[in-house]
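Q: This is the structure I have questions about; it appears just below.
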Amino acid sequence: MSNNMNNNMSNKMQSYDIIILGSGMVGSALACALAKTNLRIALLDKQKPQLDWPLEGYDLRVSALTYASQNILDHMGVWPGILKRRVTPFTRMHVWDATGNGAVKFDAEDSGIPQLGHIVENRATQGALFDYFMSYNNIDYLEPVTVTKVITDEDKVKLSLADGRCLQAKLIVGA
-19 MSNNMNNNMS NKMQSYDIII LGSGMVGSAL ACALAKTNLR IALLDKQKPQ
31 LDWPLEGYDL RVSALTYASQ NILDHMGVWP GILKRRVTPF TRMHVWDATG
81 NGAVKFDAED SGIPQLGHIV ENRATQGALF DYFMSYNNID YLEPVTVTKV
131 ITDEDKVKLS LADGRCLQAK LIVGA
């Protein structure tokens, strides 16, 4: 990298501890997990997630969140926000492979628990994650952005964005 480019980047450089590329469920969950730290975080995406949705329609994109996932989300402080949205408990699950040669069945009753977890519309999970990380001042949510260049130094990574901004961090996470 030329010194001229280095100087231009440093004049408008925004520094972070961590930059997360992608604000889907994984990137947003990471931002939420780090929210209570003293780390300065940038969460970048090409577009804002669709958070508004009609109550009469159902999103066919769902996830089965087990108790382990629920415990993680609860520990982060996100699970109550998910429960405010549309969720449905499940007590049994049957999983099989595409060829039909293998299958496994799970039943909450066999484990002595009331349910295995919850089926949650992905946009409900995304909405709860979004609401949570937006309440923290140490997280900058940048959208819509496009990364045009990645430059790696010994101790940090620099990103150039299409809008002319430059960001740097010690850690970049693709999510």
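Residue numbers (this note's numbering): -19 to 155. Every residue gets a Cβ at the ideal spot worked out from N, C-alpha and C, and that includes glycine.
1. What's the call for R226, buried or exposed, on a 16-neighbour Cβ count within 10 Å?
2. Would you give the residue range spanned by the alpha helix (DSSP H) that A88 belongs to?
3. S183 by DSSP, collapsed to three states: which one?
4. Across which residues does DSSP place Q(-6) in a beta bridge pair?
5. Going by alpha carbons, who is nearest to D77 out of K85, T71 and F70?
6. When the distance is taken between beta carbons, is M56 closer than 9 Å to Y112?
7. Go through its chain and collect everything with a Cβ distance to I93's Cβ below 8 Å, but skip five positions before and after it.
8. Give, in chain order, every unbroken run of the alpha helix (DSSP H) that is at least 4 residues long and sits entirely within the stretch -3 to 85.
9. Three Cβ pairs or more, each shorter than 8 Å: is that satisfied between the stretch 117 to 133 and the stretch 18 to 31?
10. Let me check understanding here. Comparing Cα to Cα, which of I62, N118 and V42 lies closest to I(-1)?
11. If you follow the alpha helix (DSSP H) that L109 is part of, which residue opens it and which one closes it?
12. For S(-5), collect the residues of the same chain with a Cβ closer than 6 Å to its Cβ; drop the 5 residues on either side in sequence, then sort them by chain order.
13. Let's test the definition: count the other Cβ atoms within 10 Å of the Cβ of K138 and tell me whether it reaches 16, buried, or not, exposed.
14. Apart from the five residues just before and just after V100, which ones in its own chain have a Cβ nearer than 7 Å to its Cβ?
15. Please report how far the alpha carbon of L141 lies from the alpha carbon of T128, in whole angstroms.
A: This is what the structure gives:
1. An answer regarding residue 226 cannot be provided, because it is not within the stretch -19 to 155 covered by the chain.
2. Here residue 88 corresponds to residue number 108 of the sequence shown, with the count starting at 1. Taken as a continuous stretch (DSSP letters only), the alpha helix (DSSP H) holding A88 covers A88 to S91.
3. With the chain running from -19 to 155 in the structure shown, residue 183 is simply not present.
4. Working through the sequence shown from its first residue, we reach residue -6 at position 14. DSSP output for Q(-6) lists L147 as bridge partner(s).
5. By one-based count along the sequence shown, residue 77 stands at place 97. D77 has its Cα closest to that of K85, out of K85, T71 and F70.
6. Within the sequence shown, numbered from 1, the residue matching residue 112 stands at position 132. Within the sequence shown, numbered from 1, the residue matching residue 56 stands at position 76. Contact: yes.
7. Numbered from 1 along the sequence shown, position 113 holds the residue referred to as residue 93. Same-chain partners within the cutoff: Y47.
8. 5 to 14, 47 to 56 and 59 to 63
9. With three or more CB-CB distances shorter than 8 Å, the stretch 117 to 133 counts as touching the stretch 18 to 31.
10. Start at 1 with the first residue of the sequence shown, and residue -1 comes out as number 19. Ranking the options by Cα distance to I(-1), first place goes to N118.
11. Taking the sequence shown and counting its residues from 1, the one referred to as residue 109 is at position 129. Counted as a single uninterrupted DSSP element, the alpha helix (DSSP H) harbouring L109 occupies residues N102 to M114.
12. Residue numbering aside, residue -5 sits at position 15 when the sequence shown is read from its first letter. Within the same chain, S(-5) has close Cβ partners Q148.
13. As a working mapping, residue 138 is identified with position 158 in the sequence shown. So K138 ends up on the buried side.
14. In the sequence shown, counting from the first residue as 1, residue 100 sits at position 120. Cβ within range, chain order: V42, S43, L45, I62 and V67.
15. Locating residue 141 in the sequence shown gives position 161, counting from the first residue. Locating residue 128 in the sequence shown gives position 148, counting from the first residue. So the alpha carbons of these two residues sit roughly 5 Å apart.
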